[in-house]
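Peer 1:
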Amino acid sequence: MDLAGSERVSLTKAAGERLKEGANINKSLSVLGNVIRQLSEGKEFISYRDSKLTRLLSQALGGNAKSLIIGNHVADQVDKRYLIRCSYIEIYNEKINDLLDKSNQGLTIREDIKGNVLLDAREAVVDNVDKVMENMMQGNKIRRVAATRMNERSSRSHTISGLFWSRKMPIRKMDLYI
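For what it's worth, this note's numbering labels the leading residue of the sequence shown as 262, then goes sequentially.
1. Less than 8 Å between the CB atoms is what I'm expecting for Ile352 and Ser289, so what's the real figure, rounded?
2. Quick check: what's the CA-CA separation for Arg346 versus Phe425?
3. Does Ser422 get closer than 7 Å to chain D when you measure Cβ to Cβ?
4. Under 8 Å Cβ to Cβ from Asn365, same chain only, skipping five residues before and after it: list those, please.
5. Consult DSSP for Glu321 and reduce its assignment to one of helix, strand or coil.
6. So what's Ser364 in DSSP terms, helix, strand or just coil?
7. Would DSSP call Lys375 helix, strand or coil?
8. Pick from Met397, Lys274, Ala284: whose alpha carbon is nearest that of Glu355?
9. When we look at the beta-carbon of Asp362 and count the other beta-carbons within 10 Å, is it buried (16 or more) or exposed?
10. With distances taken from CA atoms, which of Lys392, Asp388, Ser291, Leu280 is nearest Leu344?
11. Kindly list the residues whose CB is nearer than 6 Å to the CB of Ser348, restricted to its own chain and excluding five residues on each side of it in sequence; keep chain order.
12. Hey, Val296 and Ile307: beta-carbon distance below 7 Å or not?
13. Helix or strand or just coil, what does DSSP make of Lys288?
14. Just list the alpha helix (DSSP H) runs in the stretch 382–417, keeping only unbroken ones of 4 residues or longer that don't cross its boundaries, in chain order.
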(Lines of atoms letter the chains of each structure in order from A and count residues from 1; the text may use other names and numbers.)
(Lines give C-alpha, C1' and ligand atoms only; values in the text may rest on other atoms or scores of the structure.)
Protein backbone atom coordinates (compact mmCIF):
# COMPACT_ATOMS: atom_id res chain seq x y z
CA MET A 1 0.00 0.00 0.00
CA ASP A 2 1.25 3.47 -0.85
CA LEU A 3 -0.62 6.37 0.68
CA ALA A 4 -0.46 9.81 -0.89
CA GLY A 5 0.82 12.39 1.56
CA SER A 6 -1.46 14.87 3.28
CA GLU A 7 -1.21 18.44 2.09
CA ARG A 8 -1.61 21.88 3.62
CA VAL A 9 -3.41 24.11 1.18
CA SER A 10 -1.67 27.16 2.62
CA LEU A 11 1.72 25.69 1.64
CA THR A 12 0.83 24.15 -1.71
CA LYS A 13 -1.37 27.04 -2.92
CA ALA A 14 -3.44 24.37 -4.68
CA ALA A 15 -6.48 25.43 -6.69
CA GLY A 16 -9.00 23.75 -8.96
CA GLU A 17 -8.36 20.04 -9.61
CA ARG A 18 -5.26 19.97 -7.36
CA LEU A 19 -7.32 21.41 -4.48
CA LYS A 20 -9.98 18.72 -4.98
CA GLU A 21 -7.30 15.99 -5.09
CA GLY A 22 -5.67 17.32 -1.92
CA ALA A 23 -9.01 17.48 -0.11
CA ASN A 24 -9.79 13.85 -1.00
CA ILE A 25 -6.31 12.72 0.03
CA ASN A 26 -6.62 14.52 3.36
CA LYS A 27 -10.16 13.20 3.97
CA SER A 28 -9.23 9.55 3.36
CA LEU A 29 -6.12 9.83 5.56
CA SER A 30 -8.20 11.45 8.31
CA VAL A 31 -10.80 8.67 8.09
CA LEU A 32 -8.00 6.05 8.21
CA GLY A 33 -6.69 7.70 11.38
CA ASN A 34 -10.20 7.71 12.90
CA VAL A 35 -10.68 4.01 12.07
CA ILE A 36 -7.33 3.09 13.63
CA ARG A 37 -8.22 5.12 16.74
CA GLN A 38 -11.67 3.48 16.97
CA LEU A 39 -10.08 0.03 16.69
CA SER A 40 -7.43 0.80 19.32
CA GLU A 41 -10.09 2.09 21.72
CA GLY A 42 -12.21 -1.03 21.22
CA LYS A 43 -15.22 0.91 19.89
CA GLU A 44 -18.26 -1.15 18.98
CA PHE A 45 -18.89 0.77 15.73
CA ILE A 46 -15.99 1.30 13.32
CA SER A 47 -16.57 3.81 10.49
CA TYR A 48 -15.00 1.82 7.63
CA ARG A 49 -17.55 3.11 5.11
CA ASP A 50 -16.52 6.77 5.45
CA SER A 51 -13.93 6.42 2.66
CA LYS A 52 -13.17 3.95 -0.10
CA LEU A 53 -9.66 3.46 1.30
CA THR A 54 -10.89 2.26 4.70
CA ARG A 55 -13.67 0.21 3.14
CA LEU A 56 -11.17 -1.68 1.00
CA LEU A 57 -8.84 -2.15 3.96
CA SER A 58 -11.59 -3.07 6.44
CA GLN A 59 -10.75 -6.77 6.63
CA ALA A 60 -7.03 -6.13 7.09
CA LEU A 61 -7.54 -3.35 9.64
CA GLY A 62 -10.19 -5.22 11.60
CA GLY A 63 -8.00 -8.26 12.18
CA ASN A 64 -9.95 -10.57 9.86
CA ALA A 65 -7.21 -10.90 7.23
CA LYS A 66 -4.99 -13.94 7.26
CA SER A 67 -1.38 -13.06 6.48
CA LEU A 68 1.19 -15.74 5.74
CA ILE A 69 4.83 -15.70 4.81
CA ILE A 70 4.85 -18.25 2.03
CA GLY A 71 8.32 -18.03 0.47
CA ASN A 72 9.92 -20.85 2.44
CA HIS A 73 6.70 -22.83 2.66
CA VAL A 74 6.25 -22.89 -1.11
CA ALA A 75 9.91 -23.75 -1.66
CA ASP A 76 9.63 -26.70 0.75
CA GLN A 77 6.54 -28.10 -0.96
CA VAL A 78 8.06 -29.47 -4.16
CA ASP A 79 5.16 -31.85 -4.71
CA LYS A 80 2.59 -29.05 -4.84
CA ARG A 81 1.99 -26.26 -7.32
CA TYR A 82 0.72 -22.78 -6.54
CA LEU A 83 -1.22 -20.25 -8.55
CA ILE A 84 0.01 -16.75 -7.70
CA ARG A 85 -1.85 -13.64 -8.85
CA CYS A 86 -1.30 -9.93 -8.28
CA SER A 87 -3.55 -6.88 -8.51
CA TYR A 88 -2.83 -3.15 -8.34
CA ILE A 89 -5.45 -0.44 -7.85
CA GLU A 90 -5.48 3.26 -7.09
CA ILE A 91 -7.98 5.40 -5.23
CA TYR A 92 -8.08 8.80 -6.92
CA ASN A 93 -10.65 11.38 -5.80
CA GLU A 94 -12.63 8.56 -4.14
CA LYS A 95 -12.78 6.71 -7.49
CA ILE A 96 -11.19 3.24 -7.70
CA ASN A 97 -9.15 2.51 -10.82
CA ASP A 98 -7.47 -0.68 -11.95
CA LEU A 99 -3.79 0.01 -12.68
CA LEU A 100 -3.33 -3.34 -14.47
CA ASP A 101 -6.19 -2.71 -16.90
CA LYS A 102 -6.49 0.85 -18.22
CA SER A 103 -10.02 0.14 -19.50
CA ASN A 104 -11.24 -1.03 -16.06
CA GLN A 105 -11.87 2.29 -14.30
CA GLY A 106 -14.47 3.40 -11.77
CA LEU A 107 -14.63 0.04 -9.98
CA THR A 108 -17.48 -0.57 -7.54
CA ILE A 109 -16.99 -2.08 -4.11
CA ARG A 110 -19.37 -4.95 -3.36
CA GLU A 111 -19.83 -7.26 -0.39
CA ASP A 112 -20.75 -10.92 -0.38
CA ILE A 113 -23.25 -12.39 2.09
CA LYS A 114 -20.44 -12.97 4.61
CA GLY A 115 -19.45 -9.29 4.51
CA ASN A 116 -16.24 -9.83 2.52
CA VAL A 117 -15.29 -6.84 0.40
CA LEU A 118 -15.17 -7.65 -3.32
CA LEU A 119 -13.70 -5.65 -6.18
CA ASP A 120 -13.58 -6.69 -9.84
CA ALA A 121 -9.96 -5.70 -10.44
CA ARG A 122 -7.77 -7.57 -12.89
CA GLU A 123 -5.51 -10.18 -11.35
CA ALA A 124 -2.38 -10.97 -13.35
CA VAL A 125 -0.95 -14.48 -13.03
CA VAL A 126 2.70 -14.28 -12.00
CA ASP A 127 5.33 -16.92 -11.31
CA ASN A 128 8.21 -14.87 -9.91
CA VAL A 129 9.08 -11.58 -8.23
CA ASP A 130 10.23 -10.03 -11.51
CA LYS A 131 6.75 -10.54 -13.02
CA VAL A 132 5.16 -8.89 -9.96
CA MET A 133 7.51 -5.91 -10.31
CA GLU A 134 6.85 -5.74 -14.06
CA ASN A 135 3.10 -5.50 -13.42
CA MET A 136 3.60 -2.81 -10.76
CA MET A 137 5.84 -0.77 -13.07
CA GLN A 138 3.21 -1.01 -15.83
CA GLY A 139 0.59 0.19 -13.36
CA ASN A 140 2.77 3.08 -12.23
CA LYS A 141 2.76 4.38 -15.82
CA ILE A 142 -0.98 5.16 -15.56
CA ARG A 143 -1.03 6.15 -11.89
CA ARG A 144 -2.08 9.75 -11.21
CA VAL A 145 0.94 11.96 -10.52
CA ALA A 146 1.42 15.69 -10.95
CA ALA A 147 3.75 18.51 -10.06
CA THR A 148 2.86 20.49 -6.96
CA ARG A 149 4.50 23.46 -5.34
CA MET A 150 6.07 21.02 -2.85
CA ASN A 151 7.14 18.20 -5.21
CA GLU A 152 7.98 17.92 -8.89
CA ARG A 153 6.38 14.47 -9.09
CA SER A 154 3.74 13.93 -6.41
CA SER A 155 1.41 10.95 -6.18
CA ARG A 156 -2.17 12.13 -6.38
CA SER A 157 -3.70 8.85 -5.30
CA HIS A 158 -3.44 6.01 -2.81
CA THR A 159 -2.50 2.60 -4.20
CA ILE A 160 -3.14 -0.89 -2.93
CA SER A 161 -1.37 -3.90 -4.37
CA GLY A 162 -2.48 -7.43 -3.69
CA LEU A 163 -0.71 -10.75 -3.92
CA PHE A 164 -2.92 -13.83 -3.83
CA TRP A 165 -1.93 -17.46 -3.87
CA SER A 166 -3.73 -20.74 -3.87
CA ARG A 167 -2.63 -24.31 -4.18
CA LYS A 168 -3.22 -25.96 -7.52
CA MET A 169 -4.30 -29.55 -7.33
CA PRO A 170 -1.99 -31.92 -9.23
CA ILE A 171 -3.44 -33.47 -12.36
CA ARG A 172 -3.82 -37.22 -12.02
CA LYS A 173 -3.25 -39.51 -14.98
CA MET A 174 -6.83 -40.71 -14.96
CA ASP A 175 -8.04 -37.08 -15.31
CA LEU A 176 -6.35 -36.89 -18.69
CA TYR A 177 -8.58 -39.58 -20.19
CA ILE A 178 -12.24 -39.15 -21.05
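Ideal Cβ positions, reconstructed from N, Cα and C, are used throughout, including at glycine.
Because the structure is a prediction, the values reported are computed rather than measured.
Peer 2: For this structure:
1. In the sequence shown, residue 352 corresponds to position 91, counting from 1. In the sequence shown, residue 289 corresponds to position 28, counting from 1. That belief holds up - the Cβ atoms of Ile352 and Ser289 are roughly 7 Å apart, short of 8 Å.
2. Counting from 1 along the sequence shown, the entry for residue 346 is found at position 85. Counting from 1 along the sequence shown, the entry for residue 425 is found at position 164. Distance between the alpha carbons of Arg346 and Phe425 is about 5 Å.
3. Absent from the structure: chain D. Only one protein chain is present.
4. By one-based count along the sequence shown, residue 365 stands at place 104. If we look at Asn365 and ignore the five residues flanking it on each side, its Cβ neighbours are Asn358, Asp359, Asp381, Ala382, Arg383.
5. Sequence index remark: in the sequence shown, residue 321 carries index 60 (1-based). Per the sequence shown, the amino acid found at residue 321 is Ala instead of Glu. Here Ala321 sits in helix by DSSP.
6. As a first step, residue 364 must be located in the sequence shown, where it is residue number 103. Correct three-state label for Ser364: coil.
7. As a first step, residue 375 is located in the sequence shown; it is residue number 114 there, counting from the start. DSSP places Lys375 in coil when its eight states are reduced to three.
8. Numbered from its first residue, the sequence shown carries residue 355 at position 94. Checking every option, the nearest Cα to that of Glu355 belongs to Ala284.
9. By one-based count along the sequence shown, residue 362 stands at place 101. Classification of Asp362: buried, given that the 10 Å Cβ count is 16 or more.
10. The residue given as residue 344 occupies position 83 in the sequence shown. Answer by Cα proximity: Asp388.
11. By one-based count along the sequence shown, residue 348 stands at place 87. Here the set comprises Ala382, Glu384, Gly423.
12. The sequence position of residue 296 within the sequence shown is 35, counting from 1. The sequence position of residue 307 within the sequence shown is 46, counting from 1. Their beta carbons are under 7 Å apart, which means Val296 touches Ile307 by this criterion.
13. Position 27 of the sequence shown, counted from the first residue, corresponds to residue 288. DSSP places Lys288 in helix when its eight states are reduced to three.
14. 390–403
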